[in-house]
Amino acid sequence: MKDFFKDQFFKALEKNTIFSRADVQGNLIFVSDKLCQISGYSKKELIGKKHSIFKHPDVEECYIEELLKKLSYKKPYQVIFKNIDKLGKTFYLETLLIPILDKNNELIEIVAFSHDVSNSFKLNEELALNHAKLRELSINLENTVKNHQQEFIQLGKKFEKKMQIALEKNEKDIKIAYEEILKSSLEQMISDIAHQWRQPLNELGIAMFQMKQNLKDEKGFAEIYSQSKDMIKNMSETIDVFRTLFNKGVEQCVFIKETLNKALEIAFETIEKNHVNINIVSKSDYEVLAYENGLIRVFL
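Residue numbers (UniProt numbering): 1 to 300.
So this is what it looks like as structure tokens:
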């Protein structure tokens, strides 16, 4: 009866656990079905081969030698292996190595129990990649602003020249010229920046969605994903607000407090950067007849 249960135990172990045994030279003498499944090799291909058959090219040979040296101390040792399967695909195993000793306390073989942690490592790699993309996006935006500095200077000169001409006309013509010049020039500049901003944001949004699809039971990442998604949405909405800010719109009844809050949302980064604290104290919100975008520009 005892042999029967022992046999059943090892069959279950072989079928459901990433498990292997190797002699003191590192030659495989037993591999489980689960190890064959994850590596793509058959048992016939693995038995008698060195355990280093799984070694990824990134792993230096001296690392394996150091590992064997630690096992010579005849104590269990836990390690994470970066491996490569038969088709060249990378996989990671968190492994507990247990030295097996004979009656004379001599090492006769090494037993390895492993757990597949490939998803966690792939997630870290994707996070690092997206961090690099965010950094590249930030640099590109900074360069875009620098590239437009000369355009700002030229815009100012053109604006000054046109305003000198406009001043010779009546008050109505001056107002129309001012609005048209400012609207045309700034809308084109903001449109150019928005185009360069939105495309990387879309790519980042797709990458974050793909990362979420591949992730299983990682609560921490769910929070990061949600925050990143909100950030992308907020940045995109801010661009849309800027693109319509200089449209005249329709004269209508607007609430002063509500419009002021919209202006503060647009200027949020500047306010925060300069450590300005703004408190709006009003028992009621007053309604006036005005152009909402024009009123926002006045507050800004």
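Heads up, the beta-carbon is just placed ideally off N, CA and C, and yes, glycines get one too.
Going by CA-CA distance only, name the one from the options that's closest to residue i.
| i | options | result |
| --- | --- | --- |
| residue 202 | 233, 180, 176, 226 | 233 |
| residue 279 | 261, 292, 66, 294 | 261 |
| residue 206 | 161, 130, 89, 144 | 130 |
| residue 159 | 120, 105, 180 | 180 |
| residue 113 | 155, 161, 80 | 80 |
| residue 284 | 290, 258, 292, 274 | 258 |
| residue 123 | 157, 209, 229, 25 | 209 |
| residue 105 | 294, 73, 142 | 73 |
| residue 229 | 119, 134, 49, 41 | 134 |
For residue i, write down the residues that DSSP places opposite it in a beta bridge.
| i | result |
| --- | --- |
| residue 115 | 94 |
| residue 81 | 93 |
| residue 289 | 253 |
| residue 20 | 31, 112 |
| residue 101 | 107 |
Residue j and residue i - do their beta-carbons sit closer together than 9 angstroms?
| i | j | result |
| --- | --- | --- |
| residue 29 | residue 54 | no |
| residue 117 | residue 20 | no |
| residue 127 | residue 97 | no |
| residue 35 | residue 18 | yes |
| residue 93 | residue 38 | yes |
| residue 51 | residue 27 | yes |
| residue 281 | residue 253 | no |
| residue 264 | residue 271 | yes |
| residue 115 | residue 95 | yes |
| residue 99 | residue 69 | no |
| residue 23 | residue 109 | yes |
| residue 59 | residue 82 | yes |
| residue 369 | residue 107 | Since the first residue of the chain shown is 1 and the last is 300, residue 369 is not available in this structure. |
Quick check on residue i: does DSSP put it in helix, strand or coil?
| i | result |
| --- | --- |
| residue 192 | Because the pLDDT at residue 192 is just 49, under 50, the model does not fix this residue reliably, and the value given afterwards should be weighed accordingly. Correct three-state label for residue 192: helix. |
| residue 109 | strand |
| residue 278 | coil |
| residue 141 | helix |
| residue 294 | helix |
| residue 87 | coil |
| residue 284 | coil |
| residue 1 | Any reading at residue 1 is ruled out, since the residue's pLDDT is 46, under 50, leaving its predicted position unreliable. |
| residue 158 | helix |
Could one say the Cβ of residue i lies closer than 9 angstroms to chain D's Cβ atoms, at least one of them?
| i | result |
| --- | --- |
| residue 100 | Structure shown: chain D not included; a single protein chain is present. |
| Whole beta strand (DSSP E) elements within the UniProt domain "PAS" (23-74), 3-residue minimum | 28-31
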